[in-house]
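Notes follow the structure.
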Amino acid sequence: MAEMIMKHLVHQAGRDADFVIDSAAAQRDAIGCGMHRGTRQILRHYNIPFTEHYARLATRADYSDYDLIICMDEENIEDMQYLFSGDGEGKIRKLLEYCGLSRDVADPWYTGNFEETYQDLMAGCTALLGKLS
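Read in the numbering used here, the sequence shown has 155 at position 30, and its numbers run on one by one without any break.
Here's what the structure looks like:
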């Protein structure tokens with residue numbers, strides 16, 4: 126959901142050429158799975174375009190390939206720091222810190238509340254794009 130929201134915001138800002146936006150899993154449990162129907166429903170509800178997406182596992186190469194590694198929660202940060210053997214360049218960040226919050230993005234896997242997750246992601250992605258502008 127975060128990938129599609131960020132791509133949408135970047136597109137609306139006319140900055141598609143300035144960004145490469147991708148998402149990757151921190152753990153193997155969802156590898157190869159498509160986007161959850163709840164995610165597709167909420168994106169449709171808010172008229173956010175999306176493409177078919179299948180989870181891939183983050184790789185060590187991602188650290189050098191991207192300027193920022195944005196995580197949704199503390200567990201993701203720990204997983205990324207382990208995968209990348211630390212974060213020497215300070216690239217790993219939690220999304221909601223861009224709107225001044227220290228908490229994790231609400232996870233619909235546990236709550237089923239895709240609206241709450243959407244609101245967190247929209248706030249975080251909007252603030253992140255603002256910082257990058």
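Backbone N, C-alpha and C define an ideal beta-carbon position, used for all residues, glycine too.
Residue i and residue j closer than 8 angstroms at C-beta
i, j, result
"L221", "D245", "yes"
"L134", "T251", "yes"
"M129", "F175", "yes"
"D187", "I194", "yes"
"A149", "A183", "yes"
Cut-off 6 angstroms between Cβ atoms - residues of its own chain near residue i, not counting five sequence neighbours on either side
i, result
"T164", "M126"
"D212", "Q206"
Simplified DSSP assignment, three categories, for residue i
i, result
"A151", "coil"
"Y179", "strand"
"G159", "strand"
"V135", "helix"
"M247", "helix"
"G211", "coil"
"V140", "It is worth fixing the name first, because residue 140 is Arg in this sequence and not Val. The answer is coil: DSSP assigns R140 none of H, G, I, E or B."
"G237", "coil"
"Y171", "coil"
"M205", "helix"
Residues near residue i in its chain [Cβ-Cβ closer than 8 angstroms; skip 5 each side]
i, result
"E240", "I167"
"E199", "K219 and D229"
"A138", "L254 and S258"
Neighbourhood of residue i by C-beta, 7 angstroms cutoff - its chain only, sequence neighbours within 5 removed
i, result
"G157", "Y179 and A180"
"F144", "V135"
"N201", "A151"
"R185", "L208 and F209"
Residues bridged to residue i (per DSSP)
i, result
"R218", "I195"
Limits of the unbroken alpha helix (DSSP H) element including residue i
i, result
"A231", "First-last for A231: undefined, no H or E at that position."
"Y188", "A186 to D190"
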